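Enquirer:
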Amino acid sequence: MIAIIPARGGSKGLPGKNIKPLNGIPLICHTILTALKSNAISRVIVSTDDEEIAKISQKCGAEVPFIRPKELADDDSMVMDAYIYTLDRLRDTSEELIESFVALLPTAPLRSSNDIDNAVEIFLENEADSVLSVTEAEVPIEWYKKIDQKGTLKNYLPEDDAVSNRQDYNIAHIPNGAIYVFRLELLRDTRQYYHDKTYAYIMPRIRSVDIDEPIDFEWAEFLIQKQGE
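Spelled out as C-alpha cells, the structure:
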C-alpha cells in the first residue's frame, strides 16, 4: 500500500515546521523513516509544493515524483485534494492499481511502524471504508465548558448538569492525526473521512503528539529523548 505524506511549505503557526530539526532530524524525516520500516507500505510518497522540503524528503528516502501545484497548498486548501491529485498523477504515469492508501501527517512524529501495520491490518481484515488513529481524550467531554459573552462558564453539553467522578463517564476518543487509511474512490466520491465502516486504531497518548506550536516540539523532543534512555 502507498503512503502519502502531505507537507506544504507555508505554516502560519510554526514557520518551516516540516523541516525544523526534532532531536537532530528534520521533522518530516521521522515520519518518512517510520513509513519505510512498515511492512504494510510499498512506497513512501511526499506531496509538497516546496523544493526544500522535497530535497530533504528525498535524502531521507522518500519519493517526490512531482511538486504539488500552489493552488493545492494554500491555507484554505483541503488536504484530501492533495491526496487525490497525487494518486491520480501516480496512476497516470504507471499501470499500478491504487484502490486504497495510507496518509501520514508529518506533525505526528511519534507513531511507530507497528502502528501503521496494525492500522492497515484493521482496514484489510474488516474491508473498511477508512481507519483513523485515535487516542483517549485527556478529560471527559462532559467536563468541557464554554464562556458566554458575559464571561461566565456554561456547560458545553446543555443536558449535563451533574458533577461526577471521571470514572463515571464514558471514555471519549479523539483523532490524533497520526494515521489515516482510506479507500480512494470513496474518499473521492464523498469527500468524507467517516463512513458506516470507519474503524478506529487506538494509540496511547505518549505516541499521539501532534506538533502545531513550539511547545509541542519541546514535548515531542523530551519524549523521544526519554525513550532513548
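Residue 14 is where the sequence shown starts when you use this note's numbering, and the numbers rise one by one after that.
C-beta: ideal position from N, C-alpha, C; glycine also.
Every value quoted in this text rests on a predicted model; they were computed, and no experiment measured them.
Should Ala75 be flagged as near chain C, meaning a C-beta pair shorter than 8 Å?
Expert: The structure shown contains no chain C, having only a single protein chain.
Enquirer: Please name the residue or residues paired with Ile17 in a DSSP beta bridge.
Expert: Along the sequence shown, one-based indexing puts residue 17 at 4. DSSP output for Ile17 lists Ile58 and Ala116 as bridge partner(s).
Enquirer: Please classify Asp209 as buried or exposed, where buried requires at least 16 other C-beta atoms within 10 Å of its C-beta.
Expert: Taking the first residue of the sequence shown as position 1, residue 209 is located at position 196. Exposed, because fewer than 16 other Cβ atoms sit within 10 Å of the Cβ of Asp209.
Enquirer: On the DSSP bridge assignment, give the partners of Ile195 in chain order.
Expert: On the sequence shown, residue 195 is found 182 positions in, with the first residue counted as 1. The residue you asked about is not Ile; residue 195 is Phe in the sequence shown. Phe195 is bridged to Phe114 and Ser143.
Enquirer: Three or more C-beta pairs closer than 8 Å, one from the stretch 81-89 and one from the stretch 30-39: is that the case here?
Expert: Judged by Cβ distances under 8 Å, the stretch 81-89 makes no contact with the stretch 30-39, as fewer than three pairs qualify.
Enquirer: Near Leu197, which residues of its chain fall below 7 Å by C-beta distance, leaving aside the five closest residues on each side in sequence?
Expert: What you label residue 197 is simply residue 184 of the sequence shown in a count that begins at 1. Leu100, Ile111, Glu112, Ser113 and Phe114, listed in sequence order.
Enquirer: Might you give, ordered along the chain, the residues of its own chain that have their beta carbon closer than 6 Å to the beta carbon of Ser221, omitting 5 neighbours on each side?
Expert: Here residue 221 is taken as the residue at index 208 of the sequence shown, counted from 1. Contacts found: Thr148 and Asn189.
Enquirer: When burial is assigned at 16 or more other CB atoms within 10 Å of the CB, is Lys30 buried or exposed?
Expert: Within the sequence shown, numbered from 1, the residue matching residue 30 stands at position 17. Buried, because 16 or more other Cβ atoms sit within 10 Å of the Cβ of Lys30.
Enquirer: Indicate whether Thr211 and Pro119 have their beta-carbon atoms separated by less than 8 Å.
Expert: Within the sequence shown, residue 211 is the residue found at index 198, counting from 1. Within the sequence shown, residue 119 is the residue found at index 106, counting from 1. No; because the gap between Cβ atoms is not below 8 Å, this pair is not in contact.
Enquirer: At what residues does the alpha helix (DSSP H) containing Ala121 begin and finish?
Expert: The count along the sequence shown starts at 1 and reaches residue 121 at position 108. Taken as a continuous stretch (DSSP letters only), Ala121 belongs to no alpha helix (DSSP H), as it is neither H nor E.
Enquirer: Express the C-alpha separation of Ile228 and Leu166 in angstroms, rounding to a whole number.
Expert: Taking the first residue of the sequence shown as position 1, residue 166 is located at position 153. Taking the first residue of the sequence shown as position 1, residue 228 is located at position 215. Spanning the two alpha carbons is a distance of roughly 27 Å.
Enquirer: Exposed or buried, Glu155, counting other C-beta atoms within 10 Å across all chains shown (16 or more means buried)?
Expert: For the purposes of this step, residue 155 is identified with residue 142 of the sequence shown, where counting begins at 1. Under this definition Glu155 is a buried residue.
Enquirer: Measure how close the beta-carbons of Val194 and Ser143 come, nearest whole angstrom, since I'm counting them as under 8 Å.
Expert: For this step, residue 194 is matched to residue 181 along the sequence shown. For this step, residue 143 is matched to residue 130 along the sequence shown. Val194 to Ser143, Cβ: 6 Å. Contact.
Enquirer: I'd like the span of the beta strand (DSSP E) that includes Thr211, first residue to last.
Expert: Within the sequence shown, residue 211 is the residue found at index 198, counting from 1. Unbroken beta strand (DSSP E) run through Thr211: Thr211 to Ile215.
Enquirer: When you compare only the Cα positions, how much space is there between Tyr98 and Ser60?
Expert: Looking up residue 98 in the sequence shown gives position 85. Looking up residue 60 in the sequence shown gives position 47. Distance between the alpha carbons of Tyr98 and Ser60: 9 Å.
Enquirer: Quick check on DSSP: helix, strand or coil for Leu170?
Expert: Taking the first residue of the sequence shown as 1, we reach residue 170 at position 157. In this structure, Leu170 counts as coil in the three-state DSSP scheme.
Enquirer: Let me know if Arg104 comes out buried or exposed under the rule of 16 or more other beta-carbons within 10 Å of its beta-carbon.
Expert: Counting from one through the sequence shown, the residue named residue 104 turns up at place 91. Looking at its Cβ environment, which holds fewer than 16 other Cβ atoms inside 10 Å, Arg104 is exposed.
Enquirer: Cα-Cα, which of Val133, Ile17, Glu226 and Phe230 is closest to Pro34?
Expert: Numbered from its first residue, the sequence shown carries residue 34 at position 21. Minimum Cα distance to Pro34 is reached at Phe230.
Enquirer: By how many angstroms is the C-alpha of Gln162 removed from the C-alpha of Asn127?
Expert: By one-based count along the sequence shown, residue 127 stands at place 114. By one-based count along the sequence shown, residue 162 stands at place 149. Their backbone Cα atoms lie some 47 Å apart in a straight line.
Enquirer: Determine the DSSP secondary structure at Pro39, reduced to helix, strand or coil.
Expert: By 1-based counting over the sequence shown, the position of residue 39 is 26. It is a strand residue.
Enquirer: Sorted by chain position, which residues of the same chain lie with C-beta nearer than 6 Å to Ala150's C-beta, five sequence neighbours on each side aside?
Expert: Stepping through the sequence shown from its first residue, residue 150 is reached at position 137. Closer than 6 Å at the Cβ level, and outside the excluded window around Ala150, lie Ala185 and Ile187.
Enquirer: Does DSSP put Asn52 in a helix, in a strand, or in coil?
Expert: Mapped onto the sequence shown, residue 52 falls at position 39. Of the three classes helix, strand and coil, the one that applies to Asn52 here is coil, per DSSP.
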